[in-house]
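Residue numbers (our numbering): 92 to 353. Glycine included, C-beta positions come from ideal geometry on N, C-alpha and C.
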Amino acid sequence: SKSLIEKLKINKDDIEEVILGNVFQTGVDSIFEARNIGLKLQLPLTTTALIVNRNCASGMQAVISAVEEIMLNRAELILACGAENMSQIPHIARGMRESANFKNIVLEDFLLESLKHKFAKTSMPETAENVAKKYHISREEMDGYAFLSHKKAAEAYKKGVFKDEMLSFDIKIGDKAFKVDRDDNVREEINIEKLNSLPGAFQQDGTVTAGNACAISDGAVSLLISSENYMKKRKLKPLAKIVDWAVTGLEPDLMGLGPISA
92 SKSLIEKLKI
102 NKDDIEEVIL
112 GNVFQTGVDS
122 IFEARNIGLK
132 LQLPLTTTAL
142 IVNRNCASGM
152 QAVISAVEEI
162 MLNRAELILA
172 CGAENMSQIP
182 HIARGMRESA
192 NFKNIVLEDF
202 LLESLKHKFA
212 KTSMPETAEN
222 VAKKYHISRE
232 EMDGYAFLSH
242 KKAAEAYKKG
252 VFKDEMLSFD
262 IKIGDKAFKV
272 DRDDNVREEI
282 NIEKLNSLPG
292 AFQQDGTVTA
302 GNACAISDGA
312 VSLLISSENY
322 MKKRKLKPLA
332 KIVDWAVTGL
342 EPDLMGLGPI
352 SA
């Protein structure tokens with residue numbers, strides 16, 4: 092967010108709200124994350140903050156919520172963000188708050204259990220299996236799509252397509268230093284034979300594997316959403332105009348079909 096503001100030479104005092112899309116609040120301070128962004132950026136203390144959660148579309152909902160505020164003339168410039176820290180999703184011990192006397196406390200994988208939809212009696216990965224079965228999508232097709240996705244992303248990195256959109260960070264873990272300057276998930280060395288050899292991750296003989304499913308990853312993004320009036324007043328050039336959007340519901344065990352109806 093700081094780099095974005097500096098790059099566009101935006102007056103920080105003009106930012107009226109921070110809206111953050113976030114699903115898993117994994118840190119002890121996460122419930123204040125949207126507010127913390129504003130405080131760390133030294134935005135005006137009057138700048139308000141909101142966290143929204145629409146599961147996989149939380150980042151998009153942050154943008155939509157920002158647009159709605161602007162359409163209602165409640166703001167002219169909003170910082171819309173998305174952030175997840177999946178590697179830090181904790182294991183939890185239920186029942187400790189009441190009493191742990193004379194009973195074993197078992198750790199629960201909060202990520203694994205959260206992927207399960209108790210009411211629909213299915214898990215998120217299983218919904219992908221259901222879609223594949225319903226529309227006769229083969230394992231070969233799924234692996235082929237994953238293979239091309241990795242190859243295209245790796246080629247885009249080589250060509251510098253993302254260089255104006257991504258920041259690099261130097262981090263240290265113990266005595267080891269790292270430079271983070273690209274998505275860890277992209278596998279340049281991937282081959283179709285390896286993908287085809289992976290077992291089903293969630294069902295025996297299933298089609299969803301560790302190679303063609305989404306990864307457990309960390310990341311963050313920031314966008315500045317403004318009114319047309321603000322753009323003209325500050326003589327800024329927009330990247331895009333948000334024209335419309337739609338949100339739809341459907342059978343929870345066919346979750347992946349949502350974008351079609353939307």
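Residue pairing for N176: DSSP places it in a beta bridge opposite D309.
When the Cα atoms are used, K263 and K270 turn out to be separated by approximately 9 Å. Counting only residues of its own chain and dropping the five nearest sequence neighbours on each side, G186 has a CB closer than 8 Å to the CB of K194, I196. For L345, no pairing in a beta bridge is given by DSSP.
Non-local beta-carbon contacts of D104 in its own chain, meaning distances under 6 Å to residues more than five positions away in sequence, involve P135 in chain order. Per the coordinates, the alpha-carbon of S121 lies some 30 Å from the alpha-carbon of D344. The stretch 201 to 215 makes no contact with the stretch 319 to 333, as fewer than three CB pairs between them are under 8 Å.
Secondary structure note for F260: its beta strand (DSSP E) is the uninterrupted segment 260 to 264. When the alpha-carbon of G347 is set against those of G150, N164, A223, the nearest one is in A223. Taking every protein chain shown into account, the CB of E160 has 16 or more other CB atoms within 10 angstroms, so this residue is buried.
DSSP, read as helix, strand or coil, puts R278 in coil. From the listed residues A237, N102, A292, the smallest Cα separation to K324 is found for N102.
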